[in-house]
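Peer 1: So the protein sequences, as listed, match chains A and B. Going by the UniProt record's numbering, the residue at position 37 of the first sequence is 37; the numbering climbs one at a time, nothing skipped. Going by the UniProt record's numbering, the residue at position 18 of the second sequence is 18; the numbering climbs one at a time, nothing skipped. Virtual Cβ for every residue (Gly too), placed ideally from N, Cα, C. Mind looking over this structure? Questions follow.
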Amino acid sequence: MAAQNNLDMISQSQPPHKRSIVRQLPDDLIETIISFLPPKEVCALAVLSKRFRYSWHLCRNLCFDREFAIKMSRDEYKRIVNDFFVYNRNSSANTFKLYFDAADDTSLVCYWIHRVIALGVHEFELDFTLST
Amino acid sequence: MARKNRNPVGKNVDPEAQKKKTRTLTLKSSDGQEFSISESAAVLSIAIENMVEDDCAGGVIPLPLVDGGTLARVITYLNKHAEDGASDEEKRKFDEEFVSGMEMGVLFDVVLAANYLDIRGLLREVRRRIADRMKNKSVEWVRKTFHIESDFTPEEEEQMKKEFAWAWEGVDSDVDD
């Protein structure tokens, strides 16, 4: 499948007509596009190149929902979500979704919520369902 | 609204705003095509607004980094967003349709133009749309699409995949279309 994709890309980037200029977006612009991706995808793209190693620090789609939490231990979930806030260096964000039993970590969750409010998210969803 | 609030909002129709609606500017693309646009629509681009304010516009505003096809698309967007009486809902719907049929190359052209012309709303919309199309794509696909060359050694790349092991959980990295 990968080889097929290579061929597709080559044929697309070298059309016979005049639109043969390869459009190159500046790195900063690519980085802001990446920041719209959800946490998992943004972190998987840290391997793109050294330039984008820390692009996940700009993530504006802070969607740590039920699907995100699947196969994750509570501690791992907590550490990762917290890392996103500790390292975040964006001035705004769009979305925050949480799926977490906050009972033993109210101050931590309060910290996250304070950060999220400062980032001015429009979409806000808290699910404190007790995970078993 | 990008327009600076230079005039106090009163009950009377702002004469300056009226003038902007009737005054037209000419934008000239990189391939020499000229487009007429009302000043009120054109100044939704902060870059154009600055040119108009500095009075360096003269009669025609040259935009050497935007080709005619892209400029035509951008002008469609600006006209809609400057339209009298267009509700937010209507504009949102327009934005949705405006970008939905565009292929990736066109999205790249439009995002570059929106970036250069500093049109915040359009920039946000197109960036979001490009990100939507990146979902579930492999790292290789992203590198090719954006012309990014990896400068990690294979060992470094392995190390990073370990560091973000949770992000790679269950990822079928070759599912591209």
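Quick one: is A:ARG74 near chain B, going by C-beta distance under 9 Å?
Peer 2: Position 74 of the first sequence, counted from the first residue, corresponds to residue 74 of chain A. Closer than 9 Å: no.
Peer 1: Thinking C-beta only, is B:ALA41 closer than 9 Å to residue 199 of chain B?
Peer 2: Absent from the structure is residue 199 of chain B, since the part of chain B shown begins at 1 and ends at 177.
Peer 1: Only counting runs of 4 or more residues, tell me where the alpha helix (DSSP H) segments fall wholly within the region 73-135 of chain B, in order along the chain.
Peer 2: DSSP runs (the alpha helix (DSSP H)) wholly in the region 73-135 of chain B: 88-100, 104-117 and 120-134.
Peer 1: Is A:PRO38 buried or exposed, if buried means 16 or more other CB atoms sit within 10 Å of its CB?
Peer 2: Taking the first residue of the first sequence as 1, we reach residue 38 of chain A at position 38. With 16 or more other Cβ atoms within 10 Å, it is buried.
Peer 1: Evaluate B:GLU158 with the Cβ neighbour count: other Cβ atoms within 10 Å of its Cβ, from every protein chain shown; 16 or more gives buried, anything less gives exposed.
Peer 2: One-based indexing of the second sequence puts residue 158 of chain B at position 158. Label assigned to B:GLU158: exposed.
Peer 1: Is B:SER150 close to chain A? Criterion is C-beta to C-beta, closer than 9 Å.
Peer 2: Position 150 of the second sequence, counted from the first residue, corresponds to residue 150 of chain B. Yes, B:SER150 counts as interfacial toward chain A.
Peer 1: Could you confirm whether any beta carbon from chain A is found closer than 9 Å to the beta carbon of B:VAL99?
Peer 2: Position 99 of the second sequence, counted from the first residue, corresponds to residue 99 of chain B. Cβ-Cβ to chain A under 9 Å: no for B:VAL99.
Peer 1: Using a Cβ-Cβ cut-off of less than 9 Å, give me the residues of the region 33-46 of chain A that come near chain B, in sequence order.
Peer 2: Listed by position, the residues of the region 33-46 of chain A near chain B (Cβ gap below 9 Å) are ILE33, ILE34, SER35, PHE36, LEU37, PRO38, PRO39, LYS40, GLU41, VAL42, CYS43, ALA44, LEU45 and ALA46.
Peer 1: Just list the alpha helix (DSSP H) runs in the region 39-115 of chain A, keeping only unbroken ones of 4 residues or longer that don't cross its boundaries, in chain order.
Peer 2: Entirely contained in the region 39-115 of chain A, the alpha helix (DSSP H) runs reaching 4 residues are, in chain order, 39-44, 66-69 and 74-87.
Peer 1: For a cutoff of 9 Å on Cβ pairs, would you count A:SER107 as touching chain B?
Peer 2: Taking the first residue of the first sequence as 1, we reach residue 107 of chain A at position 107. Judged by the 9 Å Cβ criterion, A:SER107 is not in contact with chain B.
Peer 1: Secondary structure at B:THR26, three-state DSSP: helix, strand or coil?
Peer 2: Taking the first residue of the second sequence as position 1, residue 26 of chain B is located at position 26. Note: B:THR26 maps to strand in three-state DSSP.
Peer 1: For A:LEU48 versus B:VAL142, is the C-beta distance shorter than 9 Å?
Peer 2: Locating residue 48 of chain A in the first sequence gives position 48, where the first residue counts as 1. Locating residue 142 of chain B in the second sequence gives position 142, where the first residue counts as 1. Yes.
Peer 1: Does the count of Cβ pairs from the region 130-137 of chain B and the region 92-111 of chain B closer than 8 Å reach three?
Peer 2: Judged by Cβ distances under 8 Å, the region 130-137 of chain B makes contact with the region 92-111 of chain B, as three or more pairs qualify.
Peer 1: So for A:GLU123, helix, strand or coil by DSSP?
Peer 2: For this step, residue 123 of chain A is matched to residue 123 along the first sequence. It is a strand residue.
Peer 1: Three or more beta-carbon pairs under 8 Å between the region 143-156 of chain B and the region 78-87 of chain B, yes or no?
Peer 2: Judged by Cβ distances under 8 Å, the region 143-156 of chain B makes no contact with the region 78-87 of chain B, as fewer than three pairs qualify.
Peer 1: Taking 8 Å as the threshold, find out whether the region 41-57 of chain A comes into contact with the region 106-115 of chain A through three or more Cβ pairs.
Peer 2: In short, these stretches do not touch, since the Cβ pair count stays below three.
Peer 1: Please list the terminal residues of the continuous alpha helix (DSSP H) segment that includes B:SER40.
Peer 2: Taking the first residue of the second sequence as position 1, residue 40 of chain B is located at position 40. 39-42 is the extent of the alpha helix (DSSP H) around B:SER40.
Peer 1: Roughly how many whole angstroms lie between the Cα atoms of B:ASP95 and B:ILE61?
Peer 2: Within the second sequence, numbered from 1, the residue matching residue 95 of chain B stands at position 95. Within the second sequence, numbered from 1, the residue matching residue 61 of chain B stands at position 61. Each residue's alpha carbon lies about 25 Å from the other.
Peer 1: If you draw a straight line from the C-alpha of residue 178 of chain B to the C-alpha of A:SER92, how long is it?
Peer 2: The structure shown does not extend to residue 178 of chain B, since chain B is modelled only from 1 through 177, so no value can be given for it.
Peer 1: According to DSSP, simplified to helix, strand and coil, what is B:PHE152?
Peer 2: In the second sequence, the residue the question calls residue 152 of chain B occupies position 152. Reduced to three states, the DSSP call for B:PHE152 is coil.
Peer 1: Using the three-state DSSP reduction, which class does B:VAL139 fall into: helix, strand or coil?
Peer 2: Position 139 of the second sequence, counted from the start, is the residue given in the question as residue 139 of chain B. In this structure, B:VAL139 counts as helix in the three-state DSSP scheme.
Peer 1: From the DSSP output, in three-state form, read off B:VAL52 for me.
Peer 2: Residue 52 of chain B sits at position 52 when you count from the first residue of the second sequence. Helix at B:VAL52.
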